[in-house]
Amino acid sequence: MKENKKTVKFLWPYKRKNYLLFGVGVFVIIVGYLIMYLGEVNSFQSLVISPLLLLVGYLVIIPIALLIRQ
95 MKENKKTVKF
105 LWPYKRKNYL
115 LFGVGVFVII
125 VGYLIMYLGE
135 VNSFQSLVIS
145 PLLLLVGYLV
155 IIPIALLIRQ
């Protein structure tokens, strides 16, 4: 009896675009934390700008980088 062996080639689902978007997301998150650190406790940048950057980084850019397929 002859067996036909099929080889399955694994293709990594992430391309260069995914890694670039992920890097941008990490950069935005780092900038958000730096802005929070550098501002006063009750300043506009610590209470508004920094949390918005963190939300965009964590909830928009990183998931898009992981879910986008080409």
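Per this note's numbering, the sequence shown starts with residue 95, numbered consecutively. Virtual Cβ for every residue (Gly too), placed ideally from N, Cα, C.
Original post:
How do the segment 108–122 and the segment 145–156 stand: do at least 3 beta-carbon pairs fall below 8 angstroms, yes or no?
Top reply: yes
Original post:
Sorted by chain position, which residues of the same chain lie with C-beta nearer than 7 angstroms to Lys99's C-beta, five sequence neighbours on each side aside?
Top reply: none
Subject >> Pick from Val125, Gly151 and Tyr152 that is closest to Gln139, judged by C-alpha positions >> reply: Val125
Subject >> Helix, strand or coil at Phe116 [DSSP, three-state] >> reply: helix
Original post:
Candidates Phe104, Trp106 and Lys111: which alpha carbon is nearest Ile162's?
Top reply: Lys111
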